[in-house]
Amino acid sequence: MSELLNNILFLPEAASTFAERVDMLHHFVVGTTMVMSAGVGLAALFFFFRYRRRLPAQATEYVVPTLKTEFLFVSVPLVFFLAWFGIGFRDFTFVTTPPKDSMDVYVMGKQWMWKFAYPEGPNGVNVLHVPANRPVRLLITSRDVLHSFYVPSFRIKMDAVPGRYTQIWFEATKPGTYQVLCTEYCGLSHSKMLAEVVVLPQEEFDVWMKEQRRGRLQDRQDALADTSLVPPVARMVEQGQVLAGTQGCLKCHSVDGSQHIGPTFLGMYDRVERLQDGQDVRVDEAYITQSMMDPGAHLVVGYQNVMPTYQGKLQGPETAAIVEYIKSLRTPNVRESASEGPAYDAIQ
Amino acid sequence: MQSSVSTAGAAAPVPRLAMHFASLEVQNHAARLGMWLFLATEILLFAGLFVCYGVYRFLFPDAWAASSRSLDLTLGTVNTVVLITSSLTAALAVHYAKEGKNKAVAVQIALTLLMACGFLVIKYFEYSHKFHIGTLPGRYYFYEGIQLPGAPLYFTVYFFSTALHGLHVLIGMAVLTFSMVRALKKADFGPNNYTMVELGSMYWHLVDLVWIFLFPMLYLV
Amino acid sequence: MTPSSSIAAPGATPAHEEHHDHHPSYLVDGTTIRSWLLTVDHKRIGLMFLFWVLLFFLVGGIFALLIRVELLTPGPTIMDAMTYNRTFTLHGLVMIFLFMIPAIPAVFGNFMLPLMLGAKDVAFPRLNLLSLYIYLFGAVLALWGMLNGGLDTGWTFYTPYSAHTTTTVAPVLFGAFIIGFSSIVTGINFIVTCHTMRAPGITWFKMPLFVWALYATSCIQVLATPVIGLLLVLVAVENISGIGMFDPARGGDPMLFQHLFWFYSHPAVYIMVLPAFGVMSEVVAAFSRKNIFGYRAVAYSSLGIAFVGFFAWGHHMFVSGQSTFAAGMFGALTMLVGVFTAIKVFNWVGTVYKGAVDFKTPFAYFCGFLFFTVFGGMTGIALGTVSLDVAWHDTYFVVAHFHFIMVGATIMAFLAALHYWFPKMFGRMYHEGWGLVSAALIILGFNATFIPQFLLGNNGMPRRYYEYPERFQALNVASTAGASLLAFGFIIIAMYLTYALVYGRAAGKNPWRSKGYEWLTESPPPTHNFVGPQPTYPEEPHFYVDPKKAEVPDAV
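Going line by line, the protein sequences match chains A, B and C.
Numbering follows the numbering used here, in which position 285 of the first sequence is assigned residue number 285; successive positions increment by one, without gaps.
Just add 1000 to wherever you are in the second sequence, counting from 1, and you've got the numbering used here.
Just add 2000 to wherever you are in the third sequence, counting from 1, and you've got the numbering used here.
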């Protein structure tokens, strides 16, 4: 029943405890609205027909409502509206009051990405891992302008306000991947400020968490170890490709030559670029690394200083892997102008 | 489309009655009601600033106390006295207008204008002192004396509200000057025709009233 | 007859002499351009407002179509992201500040208010003219800013984004600030007119309901507009010089901005929709030849909406981090607005009861209006139901909701008023058949545009998205298709009304046989509204009882 209604109303899958409550009230409100407006509409249509004009200057009776009629006009809507409000406010209190045992995640909005941090665990950009069937409290803030954290499948939303923390909580009921959208207009790439929530069963989440922590440790040890232990280049390119996705590089940098918020990775390596201070720079390993750690230091003409620093977020080998990945995207015959139509390779 | 009823030579100067009003009383009533409504909008204009003041005072109590102390209380008090006195002379102008003493009207308004100028001059000295020591709004703030967070915000509110009030002083002066010139040139204010002076005076009282709120808010509390 | 009415005004001499006992209508009394531009006749000012308001409606409509075309595909379609952001900002600004706020009050209010009160003009005719020029000056300033750099903040100007954006914020905000003055002046004028200019016999509770609605609207305009005026100036100064009033980096509070913004902008919604309610009260009474069922209830509910509307602004901020208690209070107060609106809806339907319905074009718009009000109103109640708003806030559901109630209802009323009062204003009739066809097209097109948007919102598509995930595409295409239907309907209206303006048959004094007060004078009225003695008003407006048995009103 509710599945069918959800399909008619185009509601996405309900994947949190709050979503179930919201949908129930939603069906109640929409159902009543439909019935009531059908009632009003049919009454009106009936009147239009029954009391159609018969003479051009027809006289009519003088009809005024009795007190009882007026009372009905006021009380019936009032009762319904207050009932809905009562239920709605109860659910709102529910979603703004996190349970005591909930897991905390810090969420920071920034033009145009979401960053997630666990109190004692790893950080993530644009991917939030949470366990299923466990309350998760989000402590949300923003670094620049207003954003709003919205997960349609959980039916939750909360603004990210610079200078203060807001909170909301949810308990995901089904493992899976759910989209996060920014719903407070935040500038040029507002519509690209997407992220996802990955809901894992508790055991898998624990494993993931352990891996993340070990990974950090491992990286630190690797960095100290002999450079000969660094995996071969081919392997690093693969790693870099994965990292570029998980770290959110590809949110702003394309790999197919199209212009985006940041310059495309395609053909970037070894190119000569004009900097904003007028100097030229050859894009080599050093420049790429510096741009990741201190993005605002040397900006290429035509780009805004919007990239966050990855200082402390990437370990040495990870940085190297991303650099290798960018290097791998260097092709000598890439056209840098706009495409003039489809170009097909001959079938061999 | 206001047509003047020419009653040249008649004893009492009669004001112009616009053709669409039923009678003179209605016309004056309409003018006064319109003015009251306009004053209501002015009060709401400042109410928005008062809300900002209240919220930030609540958020930064220490900075606001310290910043408030840094203002010159003597100059503020003198200004308050000057402005309240000018309201008295504006009220007297209405009184004389009702009696048809046009000379007295002009003198009272001139006194009001004089005090208004005095108010603005004192305000100028206060402003220039602040520009000198650096208690300025937002990012222009460079005063070493108060380094609390929220102090620049205090001066944002201070400058914005006093400047807005100063603008109202100037508008009020223009309106009153208009009445004064009329009292001198045409000298036709009288028991039936004093609405113009009355409206100008009402506006002036509003300017005064706003200051009576601003003074304790900014200087005293 | 008042003593003063015999006094001739220079330049507008009542033409007893020239036109052998026939008074020229206001349209031809003075034909120079100067006689139009410097007129203080409320009817001519109303017409000039009509011209500009329609022009800006066209501009806003073109922006709307551009937005819809851009959203046809998930990726970029016809413009880049920056252009899109500017386009929806301009669409919102033009439609709200330049079209909807002045649409009904400044055009039909100006024209009808004195006629309905038996007055010769509004209380302050010169201020009335001034309000037109203030409006135009503000509009020019705002449009200049929009064309020279544009504004990309959305019409809500939320800080801190609006404090930092490099687009031209200041001229647009100053423009909107100046337009606010026009709104205030009109409001003061109408209130004073209602208080002082009522003809003998018209008591407060014999005022037509359109006048009641305008009175309530004017109260909102006078009380709320100064706050947004101050706020716009603060943001403009902030954007230019960084005084830090609402910038968290300098200790400012963006939430304070939102509170102040919605303190005006929520009541502003009622500035747009209350006059629409008033128009419809007139139309339904005239076309079903019935007194309004529950006249006092409708009049009081207008005031009720205006009053409660001032205390419901926080429902725009349920997910902004305000306290749960505040959200609850604002939610509960929002429900009261719904109750007042419901009273009106029931009373309109009740008016038809035992009436005599003539299904003409304005009545067709009344049907559309009823639908949009019920649906838009109910979705508003749903949005005010706090927990549902958590899911719906800032999605297309909200967009569809306010387009239904604010735009749908207002456009229906605007078109109904245009058709109902067309003979009154121009003395000519339009083609009834085309009227009904275009009404059907517009109502269908409007639904086809915005019902998919309700579903998009349910599905989770946020507002102000330049690109969107592919799953939203089907509904977006449906919405764009509906928008083109809507545009088509408006083109038909523009064509047959322009034709009627020139070639339409003469309408006569009262083609609808309406007993609204405004029809007691000629159509189109002479310059000072009444020829000879002022009409008397022994009956209440829209009194259609057979004089022979007009004794015992029975109650239902």
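C-beta atoms are modelled at their ideal positions from N, C-alpha and C, and glycine is treated no differently.
Three or more Cβ pairs closer than 8 angstroms define a contact, and the region 132-152 of chain A meets that threshold against the region 2156-2171 of chain C. DSSP, reduced to helix, strand and coil, places A:Glu-196 within a strand of the structure shown. In chain order, Arg-2513 make up the part of chain C whose C-beta sits under 7 angstroms from the C-beta of A:Ala-57.
Look at the beta carbons and you see the region 2511-2531 of chain C touching the region 2102-2115 of chain C: at least three pairs across the two are nearer than 8 angstroms. For A:Phe-73, the C-beta contacts it makes with chain C under 8 angstroms involve Gly-2294, Ala-2297, Ala-2342, Ile-2343, Phe-2346, Asn-2347, in order along the chain. In the three-state scheme derived from DSSP, where H, G and I count as helix and E and B as strand, C:Ile-2243 is classed as coil. Judged by pairs of C-beta atoms under 8 angstroms, the region 2185-2203 of chain C does not touch the region 2486-2500 of chain C, as fewer than three such pairs exist. With fewer than 16 other beta carbons inside 10 angstroms of its own, A:Glu-13 counts as exposed. Burial check for C:Gly-2201: the Cβ neighbour count within 10 Å stays below 16, so the residue is exposed. Taking a contact as a CB-CB distance under 8 angstroms, the pair C:Phe-2450 and C:Ala-2400 counts as one, their CB atoms being some 5 angstroms apart. In this chain, the alpha helix (DSSP H) harbouring C:Met-2329 covers 2324-2352. For the region 1129-1143 of chain B, residues whose beta-carbon sits nearer than 7 angstroms to a beta-carbon of chain C comprise Pro-1137, Gly-1138, Arg-1139.
At a C-beta separation below 9 angstroms, A:His-190 has these neighbours in chain C: Ala-2081, Asn-2085, Pro-2462, Arg-2464, Tyr-2465, Tyr-2466. In the structure shown, A:Cys-186 adopts coil according to DSSP, grouped into three states. Residue-level contact by beta carbon fails for A:Gly-109 and chain C, as no gap is shorter than 7 angstroms. Proximity of A:Tyr-287 to chain C, defined by a Cβ-Cβ separation below 7 angstroms, is not satisfied. In the structure shown, C:Gly-2252 adopts coil according to DSSP, grouped into three states. Residues of the same chain with a CB within less than 6 angstroms of the CB of C:Asn-2510, apart from the 5 flanking positions on each side, are Trp-2519 in chain order. Residues of the same chain with a CB within less than 7 angstroms of the CB of C:Leu-2072, apart from the 5 flanking positions on each side, are Asn-2476, Val-2477, Thr-2480 in chain order. From the beta-carbon of C:Phe-2359, the residues of chain A found nearer than 9 angstroms are Phe-48, Arg-52, Arg-53. By alpha-carbon distance to A:Lys-110, the top candidate from A:Glu-204, A:Glu-203, A:Ala-195, A:Phe-71 is A:Ala-195. Using a CB distance cut-off of 7 angstroms, C:Thr-2196 counts as an interface residue toward chain B. Against A:Ala-43, the close residues of chain C are Val-2349, in the order they occur along the chain (beta-carbon pairs closer than 7 angstroms).
Taking 7 angstroms as the CB threshold, B:Gly-1034 lines the interface with chain C. Following the DSSP letters along the chain, one finds A:Val-125 inside the beta strand (DSSP E) bounded by residues 123-125. Counted as a single uninterrupted DSSP element, the beta strand (DSSP E) harbouring A:Ser-142 occupies residues 135-142.
Shortest Cα-Cα distance from A:Lys-251 to any of A:Asn-126, A:Val-29, A:Thr-60 involves A:Asn-126. Assignment of beta-bridge partners to A:Met-113 by DSSP yields A:Lys-110. Look at C:Leu-2132 here: in three-state DSSP terms it is helix. Its chain contains Ala-2382 as the residues whose beta carbon lies nearer than 6 angstroms to that of C:Leu-2388, once the 5 sequence neighbours on both sides are disregarded; these appear in chain order. Counting only residues of its own chain and dropping the five nearest sequence neighbours on each side, C:Phe-2049 has a CB closer than 7 angstroms to the CB of Pro-2102, Ala-2106, Val-2107, Asn-2110, Leu-2132. The C-beta of B:Leu-1153 comes closer than 7 angstroms to at least one C-beta of chain C.
Cβ contact annotation for A:Arg-282 (same chain, cutoff 7 angstroms, sequence separation greater than five): Asp-270, Val-272, in chain order. Note: A:Val-272 is bridge-paired with A:Arg-282 in the DSSP secondary-structure output. Across the structure, C:Ile-2443 and A:Leu-314 are spaced so that their CA atoms are roughly 57 angstroms apart. Beta-bridge annotation (DSSP): B:Gly-1190 is paired with B:Asn-1193.
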